[in-house]
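S.K.: Would you mind keeping the following structure in view while I ask a few things?
Numbering (UniProt numbering), first residue to last: 1 to 628.
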């Protein structure tokens with residue numbers, strides 16, 4: 001269609017040019033044809049001619065060329081030629097239609113597409129694709145030059161092969177920081193695609209807000225297909241389909257697919273084109289384009305911007321599973337899917353629900369355990385959420401007195417402000433739970449981290465030292481934790497945690513401490529002792545001879561090399577923090593700490609320690625011992 005319109009326009013322009021050249025001149029004879037000697041000679045120029053200068057390159061008709069008569073014999077009015085307007089160019093007699101037909105259609109479409117404006121951002125306001133990201137180095141991000149000389153396909157392979165589930169909460173926090181940093185585009189990679197693969201991994205991690213910020217760090221006119229897909233997923237995950245509208249109007253204007261069709265209809269409804277948008281959605285529902293529940297949710301959302309006064313009834317009876325579209329649109333319309341579907345969706349839904357402000361606080365609190373255990377929610381965010389629950393209880397005490405989440409919020413308040421230390425400690429233990437649900441148990445440690453730091457160390461509380469220290473370390477309160485050192489006997493779990501987490505420890509542990517720890521280790525296959533040794537070796541806090549003997553006793557070979565160990569060791573040798581963080585995350589993939597090997601933990605902690613990420617190295621090593 002575009003080619004036909006262009007051809008018709010070109011033919012019309014050529015015909016019009018011929019007519020104009022053949023029209024009469026109202027000037028005196030010779031006035032519009034200056035003498036040949038007075039015309040300056042044409043000069044050559046190396047600058048490219050403007051695009052519009054190529055169109056009027058049509059030769060003057062013969063009748064016009066012959067109309068340079070003597071001043072006494074030329075008529076005042078030139079005769080109009082009988083022949084049709086000349087459409088040939090040059091002297092070869094090639095018609096405009098033949099010239100247009102000779103152009104490759106693909107090339108013509110490319111030229112037309114290149115002439116279409118990609119954005120309305122002025123040149124001075126456009127952002128470069130050389131460095132892409134959200135967090136600058138001055139704000140805590142990694143150095144931009146970390147990825148400047150890296151091979152693009154290698155980095156892409158590392159990031160795209162990560163599933164987004166890491167055994168370590170601190171590992172999750174570390175890779176989120178690395179992905180969100182403003183980093184130089186690797187060699188051989190487009191800057192938009194560099195943002196796209198990082199945004200997609202952030203989405204797999206449940207970091208919807210960071211993924212959306214990454215997408216928005218690139219101007220809409222520079223989007224590639226990969227970044228368009230990341231934008232679709234991130235704006236849905238943050239319950240904001242309207243955020244796609246600038247993209248659907250520019251680079252994704254012609255994208256096929258039911259999801260893009262529904263997105264364009266939603267954007268049309270918010271652009272005051274409600275009738276056509278609802279007609280498009282009705283047509284999609286009749287044709288069965290996409291899932292029925294997805295189209296109904298799109299109709300409900302689009303209807304909020306129109307005066308159609310249509311009631312869209314959402315029924316979940318025939319829905320077998322939630323999709324990213326149904327999750328995002330249900331949250332955008334303020335709906336909560338049934339409990340059975342939420343439970344079936346599992347962590348992907350919980351990670352989005354925990355940060356969705358349109359959901360009830362109780363629903364967010366139920367989802368927050370998964371988010372906190374994985375690292376998507378900080379201890380401060382958890383405390384803020386429960387503070388809102390407690391405030392709601394104060395306002396509606398009669399209605400929520402028996403609500404479990406309100407009681408849990410009241411227990412948290414007791415853990416912080418109860419006058420008696422024994423009452424505070426009992427409340428903290430209550431929030432820890434019985435450990436049947438691993439996510440909720442570890443989320444309890446995150447929730448009580450600052451409350452645990454308020455417990456004064458004492459000999460009679462030595463039995464609770466290990467979980468209290470573990471709780472404090474979930475929030476990075478290492479200096480509060482080391483106050484318990486004199487109440488932690490050598491070889492205890494609390495002692496092992498402090499040996500790893502202490503920021504100022506210089507002494508190296510010998511065989512006596514290692515053997516004592518192994519004697520008290522009740523973990524399967526002495527995995528806790530293996531992780532302790534791996535962490536101490538990575539932090540260089542153990543005597544080398546004692547480490548070799550203890551490794552032999554535990555049957556652990558720390559000298560074994562793999563392709564991954566060589567890669568992370570080389571990254572550490574080059575002092576590349578961002579690459580070390582990405583490779584460390586690659587080695588921490590798994591559902592729980594039983595999927596981690598002592599060899600991987602050793603190389604991760606050692607590499608982080610060598611490139612100056614000592615705090616992350618200490619927290620990851622301590623977390624490994626605490627969560628086995």
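Ideal Cβ placement from N, Cα and C applies to all residues, glycine included.
All values derive from a computational prediction rather than experimental measurement.
So is residue 343 buried or exposed if we call it buried at 16+ other beta carbons inside 10 Å?
M.R.: Its Cβ having fewer than 16 others within 10 Å, residue 343 is exposed.
S.K.: Distance check for residue 264 and residue 448, CA to CA, integer angstroms please.
M.R.: Rounded to the nearest angstrom, the two C-alpha atoms are 46 Å apart.
S.K.: Are there 16 or more other CB atoms within 10 angstroms of the CB of residue 38, so buried, or fewer, so exposed?
M.R.: Reliability of the predicted coordinates at residue 38 is poor, the pLDDT of 45 falling under 50, and the value obtained from them is presented with this limitation in mind. So residue 38 ends up on the exposed side.
S.K.: Within its chain, find whatever has a CB closer than 7 Å to the CB of residue 674; leave out the 5 residues flanking it on each side and keep chain order.
M.R.: In the structure as shown, the chain begins at 1 and stops at 628. Residue 674 is therefore absent and cannot be evaluated.
S.K.: Compare the Cα-Cα distances from residue 392 to each of 405, 468 and 454 and report the closest residue.
M.R.: That would be 405, whose Cα lies nearest to the Cα of residue 392.
S.K.: Alpha carbon to alpha carbon, how far is residue 289 from residue 262?
M.R.: Between residue 289 and residue 262, the C-alpha separation is close to 9 Å.
S.K.: Is residue 597 helix, strand or coil by DSSP?
M.R.: In this structure, residue 597 counts as coil in the three-state DSSP scheme.
S.K.: If I measure Cβ to Cβ from residue 130 and keep anything under 7 Å in the same chain, skipping five residues before and after, which residues do I get?
M.R.: These residues qualify, in order along the chain: 184, 185 and 191.
S.K.: Return the bridge partner residues of residue 509 from the DSSP annotation.
M.R.: 542, per the DSSP bridge assignment.
S.K.: Measure the alpha-carbon distance for residue 31 versus residue 108 and round it to whole angstroms.
M.R.: With a pLDDT of only 43 at residue 31, under 50, the local geometry of the prediction cannot be trusted, and the value read off the model is given with reservation. Rounded to the nearest angstrom, the two C-alpha atoms are 41 Å apart.
S.K.: What are the boundary residues of the alpha helix (DSSP H) that residue 299 is part of?
M.R.: Segment 292 to 303, the alpha helix (DSSP H) holding residue 299.
S.K.: Is the separation between the beta-carbon of residue 329 and that of residue 208 shorter than 7 Å?
M.R.: No, the Cβ-Cβ distance between residue 329 and residue 208 is not below 7 Å.
S.K.: Which residue comes first and which comes last in the alpha helix (DSSP H) that contains residue 240?
M.R.: Element bounds for residue 240: n/a, residue is neither H nor E.
S.K.: Are the CB atoms of residue 590 and residue 604 within a distance shorter than 7 Å?
M.R.: No, the pair does not count as a contact, with Cβ atoms beyond the cut-off.
S.K.: Measuring alpha carbon to alpha carbon, tell me which residue in 409, 178 and 106 is nearest residue 144.
M.R.: Cα-wise, what sits closest to residue 144 is 178.
S.K.: DSSP puts residue 151 in a beta bridge; with which residues?
M.R.: Bridge partners of residue 151: 187.
S.K.: Who are the near neighbours of residue 625 in its chain, counting only those whose CB is closer than 8 Å to its CB and skipping five residues on each side?
M.R.: Excluding positions up to five away in sequence, the list reads 493, 496, 497, 500, 528, 531, 532 and 535.
S.K.: For residue 146, is the classification buried or exposed, using 16 other Cβ atoms within 10 angstroms of its Cβ as the cut-off for buried?
M.R.: Looking at its Cβ environment, which holds 16 or more other Cβ atoms inside 10 Å, residue 146 is buried.
S.K.: For a minimum of 3 consecutive residues, which ranges assigned as the beta strand (DSSP E) are wholly contained in the region 526 to 596?
M.R.: Correct list: empty.
S.K.: List the residues that DSSP assigns as beta-bridge partners of residue 132.
M.R.: Answer is 183, bridged to residue 132.
S.K.: Can you give me the C-alpha to C-alpha distance between residue 454 and residue 489, rounded to a whole angstrom?
M.R.: Roughly 22 Å between the two C-alpha positions.
S.K.: Beta-carbon within less than 7 Å of residue 593's beta-carbon, same chain only, minus the 5 sequence neighbours each way: which residues are those?
M.R.: Once the five neighbours on either side are set aside, the close Cβ partners of residue 593 are 167, 624, 627 and 628.
S.K.: With DSSP as the reference, identify every bridge partner of residue 166, one or two as the case may be.
M.R.: In the DSSP output, where bridge partners are listed per residue, residue 166 has 589.
S.K.: Please confirm whether residue 411 and residue 445 have their CB atoms less than 7 Å apart.
M.R.: In this structure, residue 445 does not lie closer than 7 Å to residue 411 by Cβ.
S.K.: I need the straight-line Cα distance from residue 228 to residue 253, nearest angstrom please.
M.R.: Approximately 11 Å between the Cα atoms of the pair.
S.K.: Can you give me the C-alpha to C-alpha distance between residue 171 and residue 583, rounded to a whole angstrom?
M.R.: Cα-Cα distance, rounded: 11 Å.
S.K.: Ignoring anything shorter than 4 residues or poking outside the region 444 to 489, list the alpha helix (DSSP H) runs there in chain order.
M.R.: The region 444 to 489 contains these whole alpha helix (DSSP H) runs: 449 to 453, 465 to 474 and 478 to 481.
S.K.: Could you please give the first and the last residue of the uninterrupted alpha helix (DSSP H) stretch that includes residue 220?
M.R.: No alpha helix (DSSP H) contains residue 220, which DSSP labels as neither H nor E.
S.K.: Taking the beta carbon of residue 269 as the centre, do at least 16 other beta carbons fall within 10 Å, making it buried, or is it exposed?
M.R.: Answer is buried; the Cβ neighbour count reaches 16.
S.K.: Could you give the uninterrupted runs of the alpha helix (DSSP H) lying entirely in the region 351 to 379, keeping only those of 4 residues or more?
M.R.: Entirely contained in the region 351 to 379, the alpha helix (DSSP H) runs reaching 4 residues are, in chain order, 361 to 374.
S.K.: Under the three-state reduction of DSSP, which class applies to residue 229: helix, strand or coil?
M.R.: Three-state result, residue 229: helix.
S.K.: For the candidate residues 199, 609 and 367, whose alpha-carbon lies nearest to that of residue 537?
M.R.: Ranking the options by Cα distance to residue 537, first place goes to 609.
S.K.: Work out the CA separation of residue 104 and residue 95 for me, nearest whole Å.
M.R.: So the two alpha carbons sit approximately 17 Å from each other.
S.K.: Between the beta-carbon of residue 655 and the beta-carbon of residue 134, is there less than 7 Å?
M.R.: This structure leaves residue 655 out entirely; the chain is present only between 1 and 628.
S.K.: So, helix, strand or coil for residue 695, using DSSP?
M.R.: The requested residue 695 does not occur in the structure, where the chain is confined to residues 1 to 628.
S.K.: Pick helix, strand or coil for residue 275, following the three-state DSSP scheme.
M.R.: Three-state result, residue 275: helix.
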